[in-house]
Amino acid sequence: MSFLPIHLQEGKQHYGLDFSQFDIIFISGDPYYDHPLSGMAILSRLLDAKGYKVGIIAQPETDEEFQVCGKPKYFFCITSGLLDSSVANYTPMLRKREKVLVPEHALMIYTQKVKQLFKGCCTVLGGVEATIRRFTHFDYPENKLRRGILNDTKADILLFSNAERSLLNLLDQFKTGKTDFFAINGAAFRIQKEQINPTIRVLPSFEECVAAKSAFSLLTRIHYLLPDDPFIEPCGAGFIQHNRPAHPLREEEMDYIYGLPFTRKLHPLSKNFQFNQEMVGKLQNSVILGRGCWGSCSFCVIPLVQGKEVAKRSTKSVVKEIETLYATGEKKINDLTLPTLNMYGSRCNLYTIPEQIYSPLIGQNIEVYNKKEYCNQQCVGCKNRVLSDDLFPLLEAVEQLHQKYSGTSLELRSAIRHDIILDQKKLFRKIMQFVTRLKIAPEHIVDSVLKQMNKATGQAFVEFLKEYEMVNKEQGTHKNLVPYFVAAHPGSTVEDMEELKKFCDDQKLFVNLTQVFTPTPGTLSTAAYYTGENTFTKEKVYVARTFHERKQQKNILVAPEERGDENG
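Start counting at 1 in the sequence shown, then tack on 66, and there's your number in the numbering used here.
The following block contains the structure:
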């Protein structure tokens with residue numbers, strides 16, 4: 067197994083002597099990590115498997131680096147990588163991070179450079195930064211609202227969230243020469259006033275949001291409460307149409323994608339290779355279970371990027387990948403990766419309206435489901451949210467592999483949702499057999515703060531701690547609990563952090579994972595940070611804005627020897 071080409075000369079080696087031009091070229095702010103944890107790796111392997119000639123440019127800085135793959139036949143796919151480029155460049159205290167090669171506002175810089183060097187070439191935005199900045203958004207380092215990213219970059223089209231079907235459908239249009247962006251789910255693009263569909267909801271304009279914080283709250287509230295809808299967003303004299311998102315991938319599509327060949331390695335010519343290798347070293351033997359999370363935490367971008375419905379791989383597909391790793395001599399699987407481990411197999415009962423669509427991934431029609439009824443998007447505790455213990459038989463199948471392959475093991479490192487696991491006690495005990503330390507994210511203990519975070523109550527965490535202690539006693543273990551807390555979230559005061567500190571001391575919880583809240587584009591919490599009010603209830607919310615208080619809130623909880631970077 068070889069990497070995909072990173073310049074024209076490698077293109078000839080990979081695609082044959084008659085090769086002269088790539089069909090698609092990916093530009094990324096991340097190093098080229100050919101692993102299914104990387105969105106760029108997944109998409110590039112998918113296109114390669116479908117017969118397209120793919121080139122990859124990782125972390126370009128000079129004109130020469132942008133030009134090493136030449137001009138593509140169809141378009142450039144541009145992403146800043148797994149993180150928003152501002153989040154990658156700054157700590158929560160806005161101190162510049164070191165050894166970061168992705169520039170701030172990477173999508174703007176990369177797109178402008180491509181348009182300068184390759185006149186008239188089509189540019190397609192995608193990935194995390196494109197998704198969370200597609201609407202008017204608050205930029206934390208600049209402390210102001212910015213226009214949707216298509217307006218700032220002048221790119222031709224944006225594919226948001228999960229882009230596998232969207233990208234293949236776009237390529238089919240380019241091949242036929244009949245482009246119709248309106249027909250592509252998960253696409254955002256510029257339209258003329260006369261093209262506006264009167265049945266599509268119009269969001270507050272950028273100018274309205276700048277003029278009134280209430281308009282920005284309204285924009286955020288609308289796209290959160292109607293995540294499956296299309297929208298039109300005015301900006302200046304122009305309009306951006308946001309089509310409805312692509313439906314979650316079906317199980318057979320997920321199995322196809324994660325069954326593609328990957329080297330599972332960092333490209334040896336990556337910049338800062340040793341530094342990056344240390345970062346990804348323990349990820350090499352991670353196996354992906356699925357994507358998506360319906361936890362609805364106010365500060366989290368996962369529902370925006372991966373969707374709220376969990377798309378899962380089949381047990382057969384996951385077990386096959388694990389066995390392949392064991393058969394090649396690997397001794398340990400470092401994780402089964404899902405944003406929230408105990409959501410594997412869960413679903414929403416409101417998605418009852420079937421629709422037949424063509425899947426360009428597996429080359430056949432599939433059935434997807436739509437939701438007709440309106441809901442408030444409060445999924446945790448909802449009667450329509452169906453939990454699943456599908457992870458249990460999967461873990462039993464892994465245990466059978468351990469008997470077949472002597473000396474092999476699995477460690478679960480992905481976090482669980484502690485309030486949900488209280489309704490999955492059998493599964494909880496099975497998960498505990500595969501952890502050395504258990505990650506959870508209670509975030510806080512004070513109910514007024516938890517309400518702003520849209521998290522479970524403090525009492526739910528107390529009940530979980532009792533259950534956790536009981537499971538340890540049953541299994542004769544003393545496994546560490548790793549709770550994750552957030553300081554300076556909207557609604558959190560110094561007094562609230564002191565109460566959290568007292569709770570952790572009383573419960574003898576060792577705390578070394580505490581993050582100062584970072585306003586990230588697109589989230590409810592960021593809207594609350596900017597407006598000073600709860601996006602749904604419109605109640606006034608206390609916001610810690612000074613660096614002094616934000617640092618103080620963190621330092622109350624974290625012992626001096628555990629603080630590390632005092633700036634964030």
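Beta carbons are placed, not taken as given, at the ideal position from N, Cα and C, and that holds for glycine.
Rounded straight-line distance, which links the Cα of F248 to that of R413: By 1-based counting over the sequence shown, the position of residue 413 is 347. By 1-based counting over the sequence shown, the position of residue 248 is 182. The alpha-carbon atoms of R413 and F248 are separated by roughly 28 Å.
Contact set for E387: own chain, Cβ-Cβ below 8 Å, skip 5 residues either direction: To locate residue 387, count along the sequence shown from 1; it is residue 321. Taking E387 as the centre and dropping the five residues before and after it, the same chain places the C-beta of Y324, G325 and V353 closer than 8 Å to its C-beta, in chain order.
Simplified DSSP assignment, three categories, for G361: Here residue 361 is taken as the residue at index 295 of the sequence shown, counted from 1. It is coil, neither helix nor strand.
Opening and closing residue of the beta strand (DSSP E) in which S146 lies: By 1-based counting over the sequence shown, the position of residue 146 is 80. Counting along the chain, S146 falls outside any beta strand (DSSP E), and DSSP gives it neither H nor E.
Residues that H308 bridges to, as DSSP identifies them: Here residue 308 is taken as the residue at index 242 of the sequence shown, counted from 1. A254 and F297, per the DSSP bridge assignment.
Where C414 falls: helix, strand or coil (DSSP): The residue given as residue 414 occupies position 348 in the sequence shown. Strand, per DSSP.
Of the listed residues V577, P587, R200 and F282, nearest to K604 (C-alpha basis): Taking the first residue of the sequence shown as position 1, residue 604 is located at position 538. Out of V577, P587, R200 and F282, F282 has the C-alpha closest to the C-alpha of K604.
CB of H544 within 8 Å of CB of F583, strictly: Sequence index remark: in the sequence shown, residue 544 carries index 478 (1-based). Sequence index remark: in the sequence shown, residue 583 carries index 517 (1-based). Not in contact: H544 and F583 (Cβ atoms no closer than 8 Å).
For A124: DSSP bridge partner residues: If you number the sequence shown from 1, residue 124 lands on position 58. Answer by DSSP bridge pairing, in chain order: S94.
Alpha helix (DSSP H) segment containing G431, residue limits: Mapped onto the sequence shown, residue 431 falls at position 365. For the sequence presented, residue 431 should be read as Asn rather than Gly. Counting along the chain, no alpha helix (DSSP H) covers N431; the unbroken beta strand (DSSP E) around it starts and ends at Q430 to K437.
contact_flag[the segment 146–153, the segment 162–174] where n(CB pairs < 8 Å) is 3 or more: With the cut-off at 8 Å, the segment 146–153 and the segment 162–174 touch.
Alpha helix (DSSP H) segment containing I640, residue limits: This structure cannot settle anything about residue 640, because the visible part of the chain is limited to 67 through 634.
Own chain partners of N600 with C-beta closer than 7 Å, once the 5 adjacent residues on each side are dropped: Locating residue 600 in the sequence shown gives position 534, counting from the first residue. Contacts found: Q518, A594 and V607.
Residues bridged to Q422 [DSSP beta-bridge criterion]: Residue 422 sits at position 356 when you count from the first residue of the sequence shown. As DSSP reads the structure, Q422 sits in a beta bridge with E433.
Unbroken beta strand (DSSP E) run spanning P508, endpoints: Residue 508 sits at position 442 when you count from the first residue of the sequence shown. Counted as a single uninterrupted DSSP element, the beta strand (DSSP E) harbouring P508 occupies residues R503 to E509.
Three-state secondary structure (DSSP) of G634: In the sequence shown, counting from the first residue as 1, residue 634 sits at position 568. Bear in mind that a pLDDT of 47 at G634, under 50, signals an unreliable position, so the number given afterwards is only what the model happens to contain. Residue state, collapsed to three classes: coil.
N-terminal and C-terminal residue of the alpha helix (DSSP H) that P585 is part of: Locating residue 585 in the sequence shown gives position 519, where the first residue counts as 1. Neither: P585 is in no alpha helix (DSSP H) and is coded neither H nor E.
Candidates P327, Q75, A154 and T145: closest to P102 by CA position: Working through the sequence shown from its first residue, we reach residue 102 at position 36. The shortest C-alpha separation from P102 is found at P327.
Contact set for D246: own chain, Cβ-Cβ below 8 Å, skip 5 residues either direction: On the sequence shown, residue 246 is found 180 positions in, with the first residue counted as 1. These residues qualify, in order along the chain: Q239.
C-beta atoms of V91 and C135 nearer than 8 Å: Numbered from its first residue, the sequence shown carries residue 91 at position 25. Numbered from its first residue, the sequence shown carries residue 135 at position 69. One detail in the question is off: residue 91 reads as Ile in this sequence, not Val. Yes, these two residues count as a Cβ contact at 8 Å.
Close-in-space but distant-in-sequence residues of the same chain around N342 (CB under 7 Å, 5 per side omitted): Looking up residue 342 in the sequence shown gives position 276. Its chain contains P97, L332 and S336 as the residues whose beta carbon lies nearer than 7 Å to that of N342, once the 5 sequence neighbours on both sides are disregarded; these appear in chain order.
N-terminal and C-terminal residue of the alpha helix (DSSP H) that T286 is part of: Residue mapping note: residue 286 aligns to position 220 of the sequence shown, counting from 1. It spans K279 to L291 - the alpha helix (DSSP H) in which T286 sits, taken as one unbroken run.
N- and C-terminal bounds of the alpha helix (DSSP H) containing I486: Here residue 486 refers to the residue found at position 420 of the sequence shown. Annotation: the continuous alpha helix (DSSP H) that includes I486 extends over H484 to I487.
Bounding residues of the alpha helix (DSSP H) (the contiguous stretch that carries K617): On the sequence shown, residue 617 is found 551 positions in, with the first residue counted as 1. From DSSP, the alpha helix (DSSP H) with K617 extends over F613 to L623.
Between the CA atoms of K617 and V512 - distance to the nearest angstrom: For this step, residue 512 is matched to residue 446 along the sequence shown. For this step, residue 617 is matched to residue 551 along the sequence shown. In a straight line, the C-alpha of V512 is about 19 Å away from that of K617.
Sub-8 Å separation of A312 and G252 beta-carbons: If you number the sequence shown from 1, residue 312 lands on position 246. If you number the sequence shown from 1, residue 252 lands on position 186. Cβ atoms of A312 and G252: closer than 8 Å.
Three CB pairs or more closer than 8 Å across the segment 252–269 and the segment 171–182: In short, these stretches do not touch, since the Cβ pair count stays below three.
Alpha helix (DSSP H) segment containing Y324, residue limits: One-based indexing of the sequence shown puts residue 324 at position 258. Annotation for Y324: the continuous alpha helix (DSSP H) segment containing it runs E317 to Y324.
Under 8 Å between C-beta atoms of K382 and M320: Taking the first residue of the sequence shown as position 1, residue 382 is located at position 316. Taking the first residue of the sequence shown as position 1, residue 320 is located at position 254. Note that the C-beta distance between K382 and M320 is not below 8 Å.
Local conformation of F204 per DSSP, three classes: Taking the first residue of the sequence shown as 1, we reach residue 204 at position 138. Correct three-state label for F204: strand.
Separation of E396 from L224, as counted between CA atoms: Along the sequence shown, read from residue 1 onward, the residue named residue 224 stands at position 158. Along the sequence shown, read from residue 1 onward, the residue named residue 396 stands at position 330. Each residue's alpha carbon lies about 39 Å from the other.
Pair within 8 Å by beta-carbon distance, V515 and G557: Taking the sequence shown and counting its residues from 1, the one referred to as residue 515 is at position 449. Taking the sequence shown and counting its residues from 1, the one referred to as residue 557 is at position 491. Cβ atoms of V515 and G557: closer than 8 Å.
Contacts around P585, its chain only, beta-carbon distance under 8 Å, and the 5 residues preceding and following it disregarded: Taking the sequence shown and counting its residues from 1, one reaches residue 585 at position 519. Around P585: F204, Y206, S591, T592, Y595 and Y596.
Cβ pair C187, K137 closer than 8 Å: The sequence position of residue 187 within the sequence shown is 121, counting from 1. The sequence position of residue 137 within the sequence shown is 71, counting from 1. Inclusion of C187 and K137 in the CB contact set at 8 Å is warranted, their separation being smaller than that value.
Anticipated Cβ contact below 8 Å, T403 with S472, distance rounded: Here residue 403 is taken as the residue at index 337 of the sequence shown, counted from 1. Here residue 472 is taken as the residue at index 406 of the sequence shown, counted from 1. At roughly 25 Å, the Cβ-Cβ gap does not stay under 8 Å, so T403 and S472 are not in contact.
Whole-Å CB distance - E635 paired with S380, under 8 Å assumed: As shown, the chain starts at 67 and ends at 634. That puts residue 635 outside it, with no answer to give.
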